[in-house]
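Using the working numbering, read the sequence shown as starting at 17 and increasing by one per residue.
Every residue, glycine too, gets a C-beta built ideally from N, C-alpha and C.
Just so we're clear, the structure is a prediction, and the values are computed from it rather than from any experiment.
Just below is one structure, and these are the notes that go with it.
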Amino acid sequence: MRRIYFLAVGLLSMAAANAQVSFGQMQNQIPRSKEGINVFDVQKDDKEFKGLSVDLGGAFNMDFQAINSFNDQPANFPAPSKITGYRLMNTENNFVLPAADMTIGAQLFDGVRVNLDIYLASRHHNDTYARGGYLQIDKLDFIKKDFLADVMKYATIKIGQMENNYGDAHFKSSDNGSTLRNAFVGNNIMNAFTTEMGIEVYYNRNGWVSMLGATNGNLNQGTQEVIYPTLSPATPDANTSVSPTILAKFGYDKQINEDLRVRLTGSYYHNANLGNSNLYSSSRSGFGFWGVLNNSAYKNNGVDVASSYNSTSTPEATFNPNFKNWATSYMINPFVKYKGFEFFGTIELASGGDKAGVDDKRTADQYAGDIVYRFGKTEQFYIAAKYNTVSGKLSNADAKKVTVDRFESSVGWFMTKNIVAKLDYVNQNYRDYTQFIGNVPTGNANNFYGGKFNGLVFEAAISF
17 MRRIYFLAVG LLSMAAANAQ VSFGQMQNQI PRSKEGINVF DVQKDDKEFK
67 GLSVDLGGAF NMDFQAINSF NDQPANFPAP SKITGYRLMN TENNFVLPAA
117 DMTIGAQLFD GVRVNLDIYL ASRHHNDTYA RGGYLQIDKL DFIKKDFLAD
167 VMKYATIKIG QMENNYGDAH FKSSDNGSTL RNAFVGNNIM NAFTTEMGIE
217 VYYNRNGWVS MLGATNGNLN QGTQEVIYPT LSPATPDANT SVSPTILAKF
267 GYDKQINEDL RVRLTGSYYH NANLGNSNLY SSSRSGFGFW GVLNNSAYKN
317 NGVDVASSYN STSTPEATFN PNFKNWATSY MINPFVKYKG FEFFGTIELA
367 SGGDKAGVDD KRTADQYAGD IVYRFGKTEQ FYIAAKYNTV SGKLSNADAK
417 KVTVDRFESS VGWFMTKNIV AKLDYVNQNY RDYTQFIGNV PTGNANNFYG
467 GKFNGLVFEA AISF
């Protein structure tokens, strides 16, 4: 943490000592304020390069949560399960741990800038650490003046460890302290988010948008050999290598007239040999609803069982299909804005290996749609509603698919373009989950059996 402070102080000192260094003269950058809402992918602008310039930004949020959890598990299980003392943990109506981010960037050359994103305080890690960093190239003048200028007028290259551009939903989602662009508190239930080392090449022209990218498939970087233990004599070994991830996006985005904008994109993600993480388990900052559907400690056949157990091994209110060996996902995102009305949708079809060492296909499907109405002189107020549903088997051996659905509504006020306050109502339900995990009926109780939670969250966020 101290090193980050020292770096910030050093940048300020450098600017004071060297008049050639300026602040905030950044090219081709998506604003972190209200002005960045509904700006997707990358953008080009005509800002003049005025020499080396430094960018320093931050994002903070604070939530007050009043949510209750319920399920269909009885307080004391009858024989022969011999599980006693089980109950969901009560959650207080109180503030949750705030989150904070820092962004450090620099305009290094005409059409070339670097960006470093840092989680200062996040709920799933105790220390400050880098979320990612990348180089964005919009001109190749560092090779030769006007080199491939006709191509680079429409093209952008991003290289580094960065938030990979799969789908459009992540542009409207919360990430740690950066929650200003999300009209709600929650993200999609099956949250597609990862940061991997790679390259993305964009070509956007006359309303057509396209991107082709590749990463090394690793969330945590390293050169060590990947070795998994043999699962059992009856199953083959799990993957012992990690394949590159292939990303692609294609669509159309056009401001038809002063009042109407229409956008439609399709995105593709594929990894032939997954590592220890996947697209739906890679968020390291947590999610919007805290402590829901967690249980107090209880005894299973006289043995103490740890608290906070749930069947999908994902944080709180999300769904992770937990694909193994390989994974492929498609996402379609329509977006329409007419005056103050906005509609954004997600159709996501995901598939992957059933379990470690088994390539048999398993699927999970997600559908989401939200409507936002923005009003006021600068559209500083909004009301919004969203419905999201996910269904899929947790294993091919399961008799039924499980389903998770959520209704969410929100009202918000942008006090300035950098400050927003929102009040969010959520109601999320889990269907067709089994009563026990493991040996039936003596396994661990499943918190998602008949599970649901609902309540209110008040969130205040700042981003600059």
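Where residue i falls, given that 16 or more other Cβ within 10 Å makes a residue buried
i: residue 328; result: Confidence at residue 328 is low in this model, with a pLDDT of 37, below 50, so the placement of that residue is unreliable and no value is reported for it.
i: residue 186; result: buried
i: residue 191; result: buried
i: residue 261; result: buried
i: residue 39; result: exposed
i: residue 143; result: exposed
i: residue 64; result: exposed
i: residue 50; result: buried
i: residue 159; result: exposed
i: residue 449; result: buried
i: residue 309; result: buried
i: residue 94; result: exposed
i: residue 398; result: buried
i: residue 90; result: exposed
i: residue 347; result: buried
i: residue 146; result: exposed
Contact check, residue i vs residue j, beta carbons under 8 Å
i: residue 426; j: residue 409; result: no
i: residue 365; j: residue 293; result: no
i: residue 296; j: residue 207; result: yes
i: residue 124; j: residue 68; result: yes
i: residue 44; j: residue 57; result: no
i: residue 183; j: residue 116; result: no
i: residue 216; j: residue 174; result: yes
i: residue 225; j: residue 440; result: no
i: residue 127; j: residue 166; result: no
i: residue 197; j: residue 387; result: no
i: residue 47; j: residue 76; result: no
i: residue 168; j: residue 148; result: no
i: residue 443; j: residue 460; result: no
i: residue 131; j: residue 150; result: yes
i: residue 334; j: residue 205; result: yes
i: residue 421; j: residue 432; result: no
i: residue 403; j: residue 384; result: yes
Which of helix, strand or coil DSSP assigns to residue i
i: residue 176; result: strand
i: residue 428; result: strand
i: residue 463; result: coil
i: residue 51; result: helix
i: residue 343; result: strand
i: residue 329; result: Reliability of the predicted coordinates at residue 329 is poor, the pLDDT of 39 falling under 50, and the value obtained from them is presented with this limitation in mind. It is coil, neither helix nor strand.
i: residue 187; result: helix
i: residue 209; result: coil
i: residue 35; result: Reliability of the predicted coordinates at residue 35 is poor, the pLDDT of 44 falling under 50, and no value is obtained from them.
i: residue 112; result: coil
i: residue 312; result: coil
i: residue 354; result: strand
i: residue 91; result: coil
i: residue 65; result: coil
i: residue 126; result: coil
Residue of the options minimising C-alpha distance to residue i
i: residue 289; options: 372, 156, 463 and 356; result: 372
i: residue 287; options: 194, 264 and 311; result: 264
i: residue 345; options: 357, 313, 433 and 378; result: 378
i: residue 59; options: 396, 210, 355 and 223; result: 223
i: residue 103; options: 467, 480, 474 and 475; result: 467
i: residue 266; options: 291, 227 and 463; result: 227
N-terminal and C-terminal residue of the beta strand (DSSP E) that residue i is part of
i: residue 415; result: That residue, residue 415, is in no beta strand (DSSP E); it is neither H nor E in DSSP.
i: residue 42; result: Here residue 42 belongs to no beta strand (DSSP E), and DSSP marks it neither H nor E.
i: residue 258; result: From DSSP, residue 258 is part of no beta strand (DSSP E); its letter is neither H nor E.
i: residue 286; result: 276 to 287
i: residue 224; result: 224 to 231
i: residue 468; result: 468 to 479
i: residue 148; result: 145 to 153
i: residue 443; result: 435 to 447
i: residue 80; result: 69 to 86
i: residue 399; result: 397 to 408
Boundaries of the alpha helix (DSSP H) in which residue i is found, first to last residue
i: residue 165; result: 165 to 168
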